[in-house]
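Colleague: Going left to right, the sequence shown walks through residues 0 to 379 as numbering that gives the first Met the number 0 numbers them. Glycine included, each C-beta is placed from N, C-alpha and C at the ideal position. Computed from a predicted model, the values in this text were never measured in an experiment. What follows is a structure written as structure tokens; I'll ask about it next.
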Amino acid sequence: MNWFSKNPNGLEVEAALRAALSSVIDPRTGKDVLTTNFVTSASFADGENGAKVTITVELPGGPSPLNDKLQAEIKDRTEAVDGISKAIVVATAHKAKVTPDSPRGGHANPFGVEGSKVSENIVMPFVRRIVAVASGKGGVGKSTIAANLAVAFAQAGYRVGLMDADIYGPSLPVLFGLKQKASFADGQIQPMVAYGVKLMSIGLLIPEEKAIAWRGPMVMGAVQQLFTEVNWGELDILLIDTPPGTGDAHLTLLQKTQLSGAVIVSTPQEMALADVRRGAALFRQMDTPVLGLIENMAYLEQEDGERLPLFGEGGARKAAEELDVPFLGEVPLIPLIRAASDSGTPLGAYDPDNPNAALFRDLSQQIADKLSLVPGEQAS
């Protein structure tokens with residue numbers, strides 16, 4: 000097994016954990032969860048009262064009472080080890096069929112001991128506004144826009160969170176330069192904080208190299224847990240960086256949360272705008288207001304000041320007019336945004352005096368105005 004992160008509490012704790020897990024027997028194979036390679040990794044984080052451990056497992060056959068019981072037993076045995084104060088069990092993939100010698104494969108389950116369960120509603124009484132940042136098509140820079148909007152909100156004094164709801168391709172850890180895994184306290188996942196923004200992503204819970212192959216209900220369960228099992232605290236606004244398209248993550252947001260609105264990001268060309276129209280139609284169908292459209296990569300400004308519209312010109316503005324939704328503004332194709340994003344520092348923190356950082360502050364203020372939002376008020 001790959002114990003992929005350093006254990007700050009010493010080899011004795013690690014040895015004791017191995018012994019504890021060796022006592023967890025899968026009745027289908029008659030073997031322990033280490034011998035069967037059901038436990039794939041463990042991550043240790045230091046804590047005041049001992050190590051906090053995240054265990055990733057691959058259990059056979061999809062969601063089932065037996066697998067729930069095994070996950071619970073792994074958690075209980077881990078927390079019984081001297082020197083370990085807290086454990087969370089993350090299920091990343093399930094084998095389709097199990098025998099004592101069966102190879103790995105099959106499909107997946109959301110993280111957490113009860114990851115496959117989806118409740119009726121998501122209630123966040125201490126979050127004043129929840130806003131989806133969406134795009135019909137991938138590759139339009141939606142995640143970069145969401146990250147820079149979040150930093151702009153924070154710089155304006157808002158209590159802001161950013162949740163990465165893209166389960167298959169989480170990008171938040173890269174955009175904010177986060178290398179550590181999330182920690183746990185009082186039974187909840189603790190969001191990480193960077194540049195004044197509370198942050199959470201599936202990428203902060205599972206190993207970076209782990210492929211996620213989850214079916215729709217499992218994705219919906221995982222998205223719900225990012226809401227309900229994370230200690231978001233009091234927020235003026237929670238931005239949700241949604242995956243491209245109109246899939247399972249969007250259905251969870253629209254059916255189970257009280258979204259205050261959606262901001263749609265697009266590039267100017269018709270290929271992207273066709274999907275924007277479908278995305279806007281989905282939000283309207285579910286009675287969620289579209290707060291506005293942002294046109295990203297609108298043009299490349301050359302050294303002489305001339306604007307070169309690489310992907311067409313004015314497409315998102317025209318689409319906003321057709322859809323009768325506000326056009327919030329253009330974001331040019333800026334090499335510095337790419338450099339800042341690759342460095343793990345959104346532009347507003349990387350170069351606050353840059354004119355384009357001011358552009359994001361203007362966009363965030365427009366969104367706040369449409370939500371009648373001012374910093375620091377109590378959630379209703």
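#1: What residues match up with F183 in a beta bridge as DSSP calls it?
#2: Can you check which of these residues, D25, A145, D274, V80, is closest to T447 by C-alpha distance?
#3: Contact between the region 48–57 and the region 76–83 is defined here as three or more beta-carbon pairs at a separation below 8 Å; is this criterion met?
#4: Within the continuous alpha helix (DSSP H) that includes E78, where are the two ends?
#5: Indicate the three-state DSSP secondary structure (helix, strand or coil) for A338 in the structure shown.
#6: Quick one: residues in its chain with C-beta nearer than 8 Å to the C-beta of A283, no 5 flanking neighbours on either side, listed in chain order?
#7: On the DSSP bridge list, what partners appear for V380?
#8: Whose CA, out of R337, E13, D341, lies closest to the CA of A79?
#9: Measure the beta-carbon distance from G375 to G156 and round it to whole angstroms, keeping in mind my assumption that it falls under 8 Å.
#10: Pull up the DSSP beta-bridge partners for N295, would you.
#11: Does the region 267–280 come close enough to the region 155–172 that 3 or more CB-CB pairs lie under 8 Å?
#12: Apart from the five residues just before and just after A367, which ones in its own chain have a Cβ nearer than 8 Å to its Cβ?
#13: Since L332 contacts L358 with CB under 8 Å, what's their CB separation in whole angstroms?
#14: Near A261, which residues of its chain fall below 6 Å by C-beta distance, leaving aside the five closest residues on each side in sequence?
#15: Can V324 and A279 be called in contact, C-beta distance under 8 Å?
#16: Would you mind giving the Cβ-Cβ distance between L335 and D350, rounded to the nearest angstrom? I have them listed as a contact below 8 Å.
#17: Buried or exposed for E321, going by 16 or more other Cβ atoms inside 10 Å?
Modeller: Looking at the coordinates:
#1: Residue mapping note: residue 183 aligns to position 184 of the sequence shown, counting from 1. Answer is I188, bridged to F183.
#2: No answer is possible for residue 447: the residues shown for the chain start at 0 and end at 379.
#3: yes
#4: As a working mapping, residue 78 is identified with position 79 in the sequence shown. Note, E78: alpha helix (DSSP H), 64–78.
#5: Counting from 1 along the sequence shown, the entry for residue 338 is found at position 339. In this structure, A338 counts as helix in the three-state DSSP scheme.
#6: Counted from its first residue, the sequence shown places residue 283 at position 284. In the sequence as presented, Ala is not what sits at residue 283; that position holds Arg. V289, listed in sequence order.
#7: Residue 380 falls outside the range modelled here, since the chain spans only 0 to 379, and no answer is possible.
#8: The residue you call residue 79 lines up with position 80 of the sequence shown. That would be E13, whose Cα lies nearest to the Cα of A79.
#9: Numbered from 1 along the sequence shown, position 376 holds the residue referred to as residue 375. Numbered from 1 along the sequence shown, position 157 holds the residue referred to as residue 156. Their Cβ separation, rounded to whole angstroms, is 7 Å, which keeps G375 and G156 in contact under 8 Å.
#10: Sequence index remark: in the sequence shown, residue 295 carries index 296 (1-based). Bridge partners of N295: V330.
#11: Contact between the region 155–172 and the region 267–280 is absent: fewer than 3 CB-CB pairs across the two stretches fall below 8 Å.
#12: Position 368 of the sequence shown, counting from 1, holds the residue named residue 367. So the list reads F152, A155, Y157, I236, V373, once near-sequence residues are dropped.
#13: Locating residue 332 in the sequence shown gives position 333, counting from the first residue. Locating residue 358 in the sequence shown gives position 359, counting from the first residue. Going by Cβ atoms, the distance from L332 to L358 rounds to 13 Å, so no, they are not a contact pair.
#14: On the sequence shown, residue 261 is found 262 positions in, with the first residue counted as 1. So the list reads A131, A133, F282, T287, V289, once near-sequence residues are dropped.
#15: Here the question's residue 324 lines up with position 325 in the sequence shown. Here the question's residue 279 lines up with position 280 in the sequence shown. Yes, the Cβ-Cβ distance between V324 and A279 is below 8 Å.
#16: Start at 1 with the first residue of the sequence shown, and residue 335 comes out as number 336. Start at 1 with the first residue of the sequence shown, and residue 350 comes out as number 351. Their Cβ separation, rounded to whole angstroms, is 7 Å, which keeps L335 and D350 in contact under 8 Å.
#17: Within the sequence shown, the letter at position 322 stands for residue 321. Exposed, since its Cβ has fewer than 16 Cβ neighbours within 10 Å.
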